[in-house]
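*Asks:* Chains as they are written, first to last, in our numbering: chain A, 19 to 347; chain B, 19 to 347. The structure follows.
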DNA sequence: TTGTAAGCGTTATCAC
DNA sequence: GTGATAACGCTTACAA
């Protein structure tokens, strides 16, 4: 009914209710108004199926209640979970989330930022790799897992602490010669600290250790080659491995078992992320669990309050260790 | 530089370039304009860092280049992958995607739709469960995996065909008494046809079969109970199982192995979805693979062209079978 | 308290 | 081709 194809406006509601335009506006902005008027307006609005036009409102108020999330992809449980929690957290604050996927391409990341500037969102949460990400000073921005600049807040898990815990667990569980293995992007990020934490613990405590870093662009083969090179006389040179991600840990474990190395009997392995199998909910391996939901909620909180308060430029959230069958607990 | 805190407008650009406001507008809308003017405008815009205000444009043009995606969650690889592909497909068409997560709550689904109507998006893609989803006639809507109404396009995989293929494969691989197991929502959806396809094939070909359906709200325990009830004298009553999802297949396989039933030696199992392990990229089990990317791209295509053309109310996309180690290939 | 009117930044319609 | 001017739907002083 009513003129289909054209949404009713405040003017229509005003006419229908027999009140002035401004009165209708006030009703929809919770500004006090005579009770009889309020009722007339609400009734008329319901009859007409009126909804506030958020574009007109956004134009006027220069506020859109929209936040953009920039992510490499959703094709990885960590990113997917992060997006899920960020979306829910934003909705809880009555914000909506627009998602931009970059496939880790720095060029795409820049394009996203440009698009977003034009799309007039209220803020951006980004997990990016571009070395020189230029983001408008006036656009609230929170970075995840990557420190971009002194005036841009960054939220991440306590990667350093996680590395330390991993080293500590491995040695506590009897490892005499643990190894750190890393497969990741070649652009520096917070996650690099996982190795730093591990190395630092070992050095402080006089633990003999190894550490190898590989670039994911080259694939996982170099890691396998390295493992084979460490495999002599029927045993590995190391009795414990801390992998920079659960995925890498899975791949390493797989390869070790192919080589005839038993996990966790001969070599204990700890990953990082705390991902769970979709079917059983179990961890893929013993792991340092990231507080994904907290990271999400913290990022949202900081973003939404970036105007009012001043936050530390960097927030690192506590991780926990969880046994997952690849250590001798 | 420039008056920070206030984005430059077309008026500013016009003044800076020494041309009329309308001319600036034309330049940014690719409407022919004198070459010298175009250059002056572009130069001025660059100097000022001008960007078109999409809210003002949206208000005027009643077009927002925004599409909403309604999904139960991202905490399942199928949904995450779907969202990923839909987002990429939309961006390719210069649309942006706002994501709404409902946690499968019909009430939340309705709230989403209401929000979206107010947010003036150009269209909606939804994977929902609400029984009586009321969606505005004027708002282009494409449903995924659920037929909502005659005038609402629905895109899904060929669930019926997938069920048929599963039955066919199992029998071709030597099963004499296959079983269909389903664990899912109690609201009817396209995915129910997986069982229908399986049953139909068996009946037509005179295959002795079983079929049991369970509601996911009750958890997976009832399925386990059923399996145990089927387990007598050291063997299962069935020699093949088609599960309605890969997840269920994994759980069933796990339980069977606990009972001492060997997979695929004693019982062959086929799942549905075509999910892959994040570490190795392998299928979790032998499975009917959904063409997720095609579903995504088709939904986007139909949505963006829903105004111009008339599409069939229902599109089902071809699935394929992939061995995954739980069948005797 | 209620009504009026002036924009917010853009696009589209016309005279020039 | 160019350049005033009137909408688009809403908010907010300000006047009544």
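Cβ atoms here follow ideal geometry from the backbone N, Cα and C, with glycine treated the same way. Here the structure is a predicted model, which is why all the values come from computation and not from measurement.
Would residue 325 of chain A be called buried (16 or more neighbouring beta carbons within 10 Å of its own) or exposed?
*Replies:* So residue 325 of chain A ends up on the exposed side.
*Asks:* Along chain A, in chain order, which residues have C-beta atoms closer than 7 angstroms to that of residue 76 of chain B?
*Replies:* Near residue 76 of chain B (Cβ distances below 7 angstroms), the residues of chain A are 73.
*Asks:* Can you name the residues that DSSP bridges to residue 142 of chain B?
*Replies:* B:86, B:159
*Asks:* First and last residue of the beta strand (DSSP E) that includes residue 260 of chain B?
*Replies:* 258 to 261
*Asks:* Please list the terminal residues of the continuous beta strand (DSSP E) segment that includes residue 3 of chain A.
*Replies:* Any question about residue 3 of chain A goes unanswered here, given that chain A covers just 19 to 347.
*Asks:* Determine the contact status of residue 59 of chain A and residue 86 of chain A, defining contact as a CB-CB distance below 8 angstroms.
*Replies:* no
*Asks:* If you measure beta-carbon to beta-carbon, which residues of the region 230 to 251 of chain B are closer than 7 angstroms to chain A?
*Replies:* none
*Asks:* With DSSP as the reference, label residue 116 of chain B as helix, strand or coil.
*Replies:* strand
*Asks:* Is any beta-carbon of chain A found at less than 8 angstroms from that of residue 92 of chain B?
*Replies:* yes
*Asks:* Along the chain, where does the alpha helix (DSSP H) containing residue 43 of chain A start, and where does it finish?
*Replies:* Residue 43 of chain A: member of the alpha helix (DSSP H) spanning 39 to 46, first to last residue.
*Asks:* Does the distance between the C-beta of residue 144 of chain A and the nearest non-hydrogen atom of the ligand ZN fall short of 7 angstroms?
*Replies:* With respect to small molecules bound, the structure shown includes none, and the ligand ZN cannot be examined in it.
*Asks:* Can you tell me whether residue 235 of chain B is buried or exposed, with buried defined as 16 or more other CB within 10 angstroms of its CB?
*Replies:* Counting other Cβ atoms within 10 Å of its Cβ, residue 235 of chain B stays below 16 and is therefore classed as exposed.
*Asks:* What does residue 272 of chain A reach in chain B if we use C-beta pairs closer than 8 angstroms?
*Replies:* 297, 298
*Asks:* Please list the partners that residue 189 of chain B has in chain A, where partner means a Cβ-to-Cβ separation under 8 angstroms.
*Replies:* Going along chain A, no residue has its Cβ under 8 angstroms from residue 189 of chain B, so there is no contact; the nearest lies around 26 angstroms.
*Asks:* Short of 7 angstroms in beta carbon distance, which residues of its chain neighbour residue 321 of chain B, apart from the five on each side in sequence? Order them along the chain.
*Replies:* 85, 141, 143, 158, 160
*Asks:* Around the C-beta of residue 54 of chain B, are 16 or more other C-beta atoms found within 10 angstroms, so that it is buried, or is it exposed?
*Replies:* exposed
*Asks:* Tell whether a beta-carbon distance below 8 angstroms holds between residue 270 of chain B and residue 287 of chain B.
*Replies:* yes
*Asks:* Out of curiosity, what's the CA-to-CA distance linking residue 21 of chain A and residue 109 of chain A?
*Replies:* Caution is warranted here: a pLDDT of 38 is assigned to residue 21 of chain A, below 50, making its placement in the model unreliable, and no coordinate value can be reported.
*Asks:* Got a sec: which bits of the region 78 to 90 of chain B sit with their beta carbon under 8 angstroms from any beta carbon on chain A, in order along the chain?
*Replies:* 82, 84
*Asks:* So which residues of chain A does residue 138 of chain B contact, with C-beta pairs closer than 7 angstroms?
*Replies:* 71, 72, 73
*Asks:* Under 7 angstroms Cβ to Cβ from residue 232 of chain A, same chain only, skipping five residues before and after it: list those, please.
*Replies:* Correct list, in chain order: 200, 201, 240, 241.
*Asks:* Chain B partners of residue 186 of chain A, CB-CB under 7 angstroms?
*Replies:* Neighbourhood of residue 186 of chain A in chain B, by CB distance below 7 angstroms: empty, with the nearest CB roughly 25 angstroms away.
*Asks:* Could you tell me the alpha carbon to alpha carbon distance between residue 19 of chain A and residue 185 of chain B, rounded to whole angstroms?
*Replies:* Note that residue 19 of chain A has pLDDT 30, beneath the 50 cutoff, so the model's placement of it is unreliable and the number below is only indicative. If I take the Cα positions, the gap works out to 50 angstroms.
*Asks:* Starting from residue 105 of chain B, find everything on chain A with Cβ-Cβ shorter than 7 angstroms and list it in chain order.
*Replies:* 117, 119
*Asks:* Chain B partners of residue 265 of chain A, CB-CB under 8 angstroms?
*Replies:* Neighbours of residue 265 of chain A in chain B, taken as residues whose beta carbon is under 8 angstroms from its own, are 296, 297 in chain order.
*Asks:* Residue 283 of chain B to residue 230 of chain B, Cα distance in whole Å?
*Replies:* 22 angstroms
*Asks:* Which residues in the same chain have their Cβ closer than 8 angstroms to the Cβ of residue 1 of chain B, if we skip the five residues on either side of it in sequence?
*Replies:* Absent from the model: residue 1 of chain B. The displayed extent of chain B is 19 to 347, so no value can be given.
*Asks:* Determine the chain A residues that contact residue 268 of chain B at a beta-carbon separation under 9 angstroms, and present them in chain order.
*Replies:* 295, 296, 297, 298
*Asks:* How many whole angstroms separate the CB atoms of residue 290 of chain B and residue 180 of chain B, which I take to be in contact at a CB cut-off of 8 angstroms?
*Replies:* 6 angstroms
*Asks:* Does the Cβ-Cβ distance between residue 73 of chain B and residue 77 of chain A come in under 8 angstroms?
*Replies:* yes
*Asks:* Per DSSP, residue 196 of chain B is paired with what?
*Replies:* B:258
*Asks:* Chain A beta carbons: is any one of them nearer than 8 angstroms to that of residue 257 of chain B?
*Replies:* no
*Asks:* So which of A:238, A:188, A:30 has the shortest CA-CA distance to residue 225 of chain A?
*Replies:* A:188
*Asks:* Helix, strand or coil for residue 27 of chain B? Go by DSSP, reduced to three states.
*Replies:* Residue 27 of chain B carries a coil assignment under DSSP once its states are collapsed to helix, strand and coil.
*Asks:* Determine the DSSP secondary structure at residue 244 of chain A, reduced to helix, strand or coil.
*Replies:* helix
*Asks:* Inspect the beta-carbon positions of residue 176 of chain B and residue 337 of chain B and report whether they are closer than 8 angstroms.
*Replies:* yes
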